[in-house]
Amino acid sequence: MAKLKIRPLDDRVVVSPLEAEQRTAGGIVLPDSAKERPQRGTVVAVGPGKLLDSGKRAELAVAVGDQVIYGKYGGTDIEVGGDDVKVLRESDILAKVVE
Amino acid sequence: MAKLKIRPLDDRVVVSPLEAEQRTAGGIVLPDSAKERPQRGTVVAVGPGKLLDSGKRAELAVAVGDQVIYGKYGGTDIEVGGDDVKVLRESDILAKVVE
Amino acid sequence: MAKLKIRPLDDRVVVSPLEAEQRTAGGIVLPDSAKERPQRGTVVAVGPGKLLDSGKRAELAVAVGDQVIYGKYGGTDIEVGGDDVKVLRESDILAKVVE
Amino acid sequence: MAKLKIRPLDDRVVVSPLEAEQRTAGGIVLPDSAKERPQRGTVVAVGPGKLLDSGKRAELAVAVGDQVIYGKYGGTDIEVGGDDVKVLRESDILAKVVE
Amino acid sequence: MAKLKIRPLDDRVVVSPLEAEQRTAGGIVLPDSAKERPQRGTVVAVGPGKLLDSGKRAELAVAVGDQVIYGKYGGTDIEVGGDDVKVLRESDILAKVVE
Amino acid sequence: MAKLKIRPLDDRVVVSPLEAEQRTAGGIVLPDSAKERPQRGTVVAVGPGKLLDSGKRAELAVAVGDQVIYGKYGGTDIEVGGDDVKVLRESDILAKVVE
Amino acid sequence: MAKLKIRPLDDRVVVSPLEAEQRTAGGIVLPDSAKERPQRGTVVAVGPGKLLDSGKRAELAVAVGDQVIYGKYGGTDIEVGGDDVKVLRESDILAKVVE
Numbered sequence: 000m001a002k003l004k005i006r007p008l009d010d011r012v013v014v015s016p017l018e019a020e021q022r023t024a025g026g027i028v029l030p031d032s033a034k035e036r037p038q039r040g041t042v043v044a045v046g047p048g049k050l051l052d053s054g055k056r057a058e059l060a061v062a063v064g065d066q067v068i069y070g071k072y073g074g075t076d077i078e079v080g081g082d083d084v085k086v087l088r089e090s091d092i093l094a095k096v097v098e
Numbered sequence: 000m001a002k003l004k005i006r007p008l009d010d011r012v013v014v015s016p017l018e019a020e021q022r023t024a025g026g027i028v029l030p031d032s033a034k035e036r037p038q039r040g041t042v043v044a045v046g047p048g049k050l051l052d053s054g055k056r057a058e059l060a061v062a063v064g065d066q067v068i069y070g071k072y073g074g075t076d077i078e079v080g081g082d083d084v085k086v087l088r089e090s091d092i093l094a095k096v097v098e
Numbered sequence: 000m001a002k003l004k005i006r007p008l009d010d011r012v013v014v015s016p017l018e019a020e021q022r023t024a025g026g027i028v029l030p031d032s033a034k035e036r037p038q039r040g041t042v043v044a045v046g047p048g049k050l051l052d053s054g055k056r057a058e059l060a061v062a063v064g065d066q067v068i069y070g071k072y073g074g075t076d077i078e079v080g081g082d083d084v085k086v087l088r089e090s091d092i093l094a095k096v097v098e
Numbered sequence: 000m001a002k003l004k005i006r007p008l009d010d011r012v013v014v015s016p017l018e019a020e021q022r023t024a025g026g027i028v029l030p031d032s033a034k035e036r037p038q039r040g041t042v043v044a045v046g047p048g049k050l051l052d053s054g055k056r057a058e059l060a061v062a063v064g065d066q067v068i069y070g071k072y073g074g075t076d077i078e079v080g081g082d083d084v085k086v087l088r089e090s091d092i093l094a095k096v097v098e
Numbered sequence: 000m001a002k003l004k005i006r007p008l009d010d011r012v013v014v015s016p017l018e019a020e021q022r023t024a025g026g027i028v029l030p031d032s033a034k035e036r037p038q039r040g041t042v043v044a045v046g047p048g049k050l051l052d053s054g055k056r057a058e059l060a061v062a063v064g065d066q067v068i069y070g071k072y073g074g075t076d077i078e079v080g081g082d083d084v085k086v087l088r089e090s091d092i093l094a095k096v097v098e
Numbered sequence: 000m001a002k003l004k005i006r007p008l009d010d011r012v013v014v015s016p017l018e019a020e021q022r023t024a025g026g027i028v029l030p031d032s033a034k035e036r037p038q039r040g041t042v043v044a045v046g047p048g049k050l051l052d053s054g055k056r057a058e059l060a061v062a063v064g065d066q067v068i069y070g071k072y073g074g075t076d077i078e079v080g081g082d083d084v085k086v087l088r089e090s091d092i093l094a095k096v097v098e
Numbered sequence: 000m001a002k003l004k005i006r007p008l009d010d011r012v013v014v015s016p017l018e019a020e021q022r023t024a025g026g027i028v029l030p031d032s033a034k035e036r037p038q039r040g041t042v043v044a045v046g047p048g049k050l051l052d053s054g055k056r057a058e059l060a061v062a063v064g065d066q067v068i069y070g071k072y073g074g075t076d077i078e079v080g081g082d083d084v085k086v087l088r089e090s091d092i093l094a095k096v097v098e
């Protein structure tokens, strides 16, 4: 993937979704029948964190390069430099995948 | 169950649901007719806890290995390494089961 | 009722509902025609209390053994060791009954 | 009315509704045509007050014996020792009546 | 109007609505066609103010005798000692009228 | 416009809407087809500001004489001394117009 | 674009949308089929920031001249001096574009 050209705001995270084949190889299969199908992808950009009442920002729990699982209906799909990516809020991310 | 490969975020908890037979043996029967059927399972992974306004995280009240009862419609079903697990928020958990 | 095997979380309370006959004998009759019929039962387990922003837990106003009145549509019905019980939040409890 | 046998929780108040005839004699007539008809009654029990974030409880603005006006659709009707009473939250009470 | 016999709670205000003729004479005409027709009246009683988190009460911005404009659908109509009055929350009051 | 006879409460603002012709002359044309058509007008009265938790009031960002743009569906239309004005909350105002 | 004549309030941002052709040339293509199509534009004016409980304003994360991506359904379209612009809240902005 080419150098990412977008910088998410607040607690937003940009994820590059894994292809279906990759996902099967990685050992995590996401059932087709589930009403809200979770999705897996790689974090390619993170925002500065959510602004707290104190004026500070909450540190994000995910970093660039993390493999993450997220709900299907969260976020917005955009294309950057020919790549399809998804802009999510951190709260839309269910879990990190560790190999 | 194989070594779990996912790390839930915030106050999320990963539960491995008990099979119907196990549940009956365990002495807790969950009625089929209930509109929101509670479910029973074993906690297999817990997140770091919900982020408080103070910047600290609230300690989770459940730990890996706990038997828990939770509402049927909370959470997201995923498959990790061949096992079906459920990602819940701690607030979806009604009670711990102690034998 | 056998030794209760579940421990509710947060401000949840487990109530063993009184049978219809018991309720009449106890002097409190709950009208059939009311749209949201209140119910009466005995508290058989209480959670540690709701987690406050300060990190402490709010003490529950009901204790094991209390007779309570609660709304019909709150809570979740489960069966523990052959007994039907109801898991409620403390805020679903309207009042304690004192004889 | 016999000695009340219930103790409301939090900011709940138990009111014994006035009969229609009493209300007319008291000088306050509540119009039949109003969509949300207010009701009048006597406070027969009060809770300890709403729990504040500080851990203290907010003092109730009504006391046992007060005549109050409240909205028709708030609260829950129950029967205690043969008397019909209503369990309301303090915020459902519009005003006190002073003679 | 006779001595008012009701004491509103919290930030509630009791208003005696102006008759249609009075309103025209006062120079403010409220259009019939407006979907949420504002109304004009005289404040006849005020509550102690909304309870703040600090335990103090917020001072009301209106006082007995003030002419006020309020939305048609807020509040509850009641009759006190033969007079039709309206019980509103202060936030339902749009503006004070000054002559 | 005659001396305004109303004093808005809290963070409310009274706006005198510009006629359609004036708006075109002013260089800002608001499209007819937009679902929520913004409107332009002159501020003729402002409230004391929203009451904060601290007991102070937040200073308003608009002042009498400001030209403002606001959403069509916010606020309440009233007539004061023969003039049609609109009572808005400050948050319904999108922007100030500076020439 | 001529000198902008409007000053947004609070955390509002005025964006001048890019034409479809510009967007393609810029390397970011936004899919037509997406239900909530994101949009790209240039920030031409920013408000003073959202008012915090402390009475201070939160600094905006975008500045005049920034290229931004935002959801299609947020904000209000207006025309200023012949230019079509969009008034958004900062939270409607997904990301900044950096070349």
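Chains as they are written, first to last, in numbering that gives the first Met the number 0: chain F, 0 to 98; chain X, 0 to 98; chain Y, 0 to 98; chain V, 0 to 98; chain E, 0 to 98; chain U, 0 to 98; chain C, 0 to 98.
Note that CB positions come from ideal geometry on N, CA and C, so glycine has one too.
Remember, it's a predicted structure, so these values are computed and weren't measured experimentally.
Residue-chain proximity (residue i, chain E), Cβ-Cβ < 8 Å
i, result
"E78(V)", "no"
"L51(V)", "yes"
"A94(V)", "yes"
Rounded C-alpha distance that separates residue i from residue j
i, j, result
"V84(E)", "V96(V)", "14 Å"
"A94(X)", "G74(U)", "47 Å"
"V14(U)", "K4(E)", "38 Å"
"D100(V)", "R11(U)", "Look at the range of chain V in this structure, 0 to 98, and you will see that residue 100(V) is not part of it."
"A62(X)", "G48(F)", "28 Å"
"E89(U)", "G40(V)", "41 Å"
"G81(V)", "I77(E)", "30 Å"
"V79(F)", "V67(C)", "13 Å"
"Y99(F)", "G70(C)", "The structure shown does not extend to residue 99(F), since chain F spans only 0 to 98, so no value can be given for it."
"A60(E)", "V42(E)", "11 Å"
"P7(E)", "R6(V)", "25 Å"
"D91(Y)", "V45(X)", "28 Å"
"Q38(F)", "L87(V)", "46 Å"
"E98(C)", "E98(U)", "34 Å"
"P16(F)", "D9(F)", "21 Å"
"L50(V)", "L50(F)", "29 Å"
Residue-level contact to chain C via CB, residue i, 8 Å cutoff
i, result
"K55(F)", "no"
"L59(F)", "no"
8 Å Cβ cutoff, residue i in contact with chain U
i, result
"G74(E)", "no"
"S90(C)", "no"
Residue i at chain V interface by Cβ criterion, 8 Å
i, result
"A62(Y)", "no"
"K85(E)", "no"
CB contact below 8 Å: residue i versus chain X
i, result
"E98(F)", "yes"
Short CB-CB distance (under 8 Å) between residue i and chain Y
i, result
"G70(X)", "yes"
"R11(V)", "yes"
Contacts of residue i in chain A (Cβ-Cβ under 7 Å)
i, result
"P7(U)", "No chain A is present in this structure, whose protein chains are F, X, Y, V, E, U and C."
| said: Does the structure place the stretch 54 to 71 of chain Y close enough to the stretch 44 to 62 of chain V that three or more beta carbon pairs sit under 8 Å? | reply: yes
Next item on the list: Kindly provide the ranges of any alpha helix (DSSP H) runs that are 4 or more residues long and lie completely inside the stretch 51 to 98 of chain U, ordered along the chain.
Entry: none
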